[in-house]
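Engineer:
In the working numbering, the protein residues as written are 93 to 234.
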């Protein structure tokens with residue numbers, strides 16, 4: 093692993109079709125997206141190769157940070173690869189790959205996020221991704 097990439101693995105107690113749908117259906121995404129107190133008031137997803145997505149992160153102070161990009165690979169229900177732009181982070185887009193693997197207890201989620209310009213930005217994303225996945229687990233357990 094390069095110093096400018098992160099990799100997370102988590103087993104989620106739900107079938108991968110459900111986990112994939114929660115990740116890609118805007119109506120479900122807004123229910124869990126955003127680490128900690130951050131919420132998601134709006135999500136738009138055109139789930140196809142070349143399709144775009146746009147997700148709003150509402151911060152505690154009410155400000156909105158937009159995350160957007162384009163899908164490079166869509167293999168339902170096993171894999172997503174997409175570019176990642178954060179409105180408040182200048183520079184080139186980064187790249188997110190998510191595998192949804194069958195597991196005896198549900199789905200093994202393997203997330204790789206690469207091409208960060210700096211380790212500090214990568215570290216901020218480690219916290220963000222873990223916070224989001226915590227909420228995803230909670231939603232799917234309900």
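Note that the Cβ used here is the ideal one computed from N, Cα and C, for glycine as well. As the structure is a prediction and not an experimental result, all values here were calculated from the model.
Excluding sequence positions up to five away, which residues of its chain have a Cβ less than 8 Å from the Cβ of residue 219?
Structural biologist: Residue mapping note: residue 219 aligns to position 127 of the chain shown, counting from 1. Same-chain partners within the cutoff: 127.
Engineer: Quick one: what does DSSP say residue 106 is sitting in, helix, strand or coil?
Structural biologist: Here residue 106 is taken as the residue at index 14 of the chain shown, counted from 1. If DSSP states are grouped into helix, strand and coil, residue 106 belongs with coil.
Engineer: Please name the residue, chosen from 202, 197, 231, 186, that lies closest to residue 213 on a Cα-to-Cα basis.
Structural biologist: Stepping through the chain shown from its first residue, residue 213 is reached at position 121. Selected option, being the one with the closest Cα: 186.
Engineer: Using three-state DSSP, classify residue 183 as helix, strand or coil.
Structural biologist: Residue numbering aside, residue 183 sits at position 91 when the chain shown is read from its first letter. It is coil, neither helix nor strand.
Engineer: With 16 other CB atoms within 10 Å as the buried threshold, where does residue 105 fall?
Structural biologist: Your numbering for residue 105 matches position 13 in the chain shown. The residue in question, residue 105, is exposed, as its Cβ has fewer than 16 Cβ neighbours within 10 Å.
Engineer: Residues in its own chain within less than 8 Å of residue 171 by CB, not counting five upstream and five downstream?
Structural biologist: Along the chain shown, read from residue 1 onward, the residue named residue 171 stands at position 79. Cβ neighbours of residue 171 beyond the five flanking positions: 165, 189, 190, 191, 192.
Engineer: For residue 108, does the count of other Cβ atoms within 10 angstroms reach 16, so buried, or fall short, so exposed?
Structural biologist: Counted from its first residue, the chain shown places residue 108 at position 16. The Cβ neighbour count for residue 108, taken over all protein chains shown within 10 Å, is at least 16; the residue is labelled buried.
Engineer: Look up residue 142 in the DSSP assignment and say whether it is helix, strand or coil.
Structural biologist: Position 50 of the chain shown, counted from the start, is the residue given in the question as residue 142. If DSSP states are grouped into helix, strand and coil, residue 142 belongs with coil.
Engineer: Report the partner residues of residue 147 according to the DSSP bridge assignment.
Structural biologist: As a position in the chain shown, residue 147 is number 55, starting the count at 1. According to DSSP, which records beta bridges pairwise, residue 147 is partnered with 135, 159.
Engineer: How should residue 152 be labelled, buried or exposed, when 16 other C-beta atoms within 10 angstroms of its C-beta is the threshold for buried?
Structural biologist: Translated into the one-based positions of the chain shown, residue 152 becomes position 60. Per the 10 Å Cβ criterion, exposed.
Engineer: Exposed or buried, which one is residue 158 when buried takes at least 16 other CB atoms within 10 Å?
Structural biologist: Indexing the chain shown from 1 puts residue 158 at position 66. Burial call: exposed.
Engineer: Starting from the Cα of residue 111, find the closest Cα among 217, 197, 210 and give me that residue.
Structural biologist: Along the chain shown, one-based indexing puts residue 111 at 19. Closest by C-alpha distance to residue 111, out of 217, 197, 210, is 197.
Engineer: Please state whether DSSP places residue 112 in a helix, a strand or coil.
Structural biologist: The sequence position of residue 112 within the chain shown is 20, counting from 1. Helix, per DSSP.
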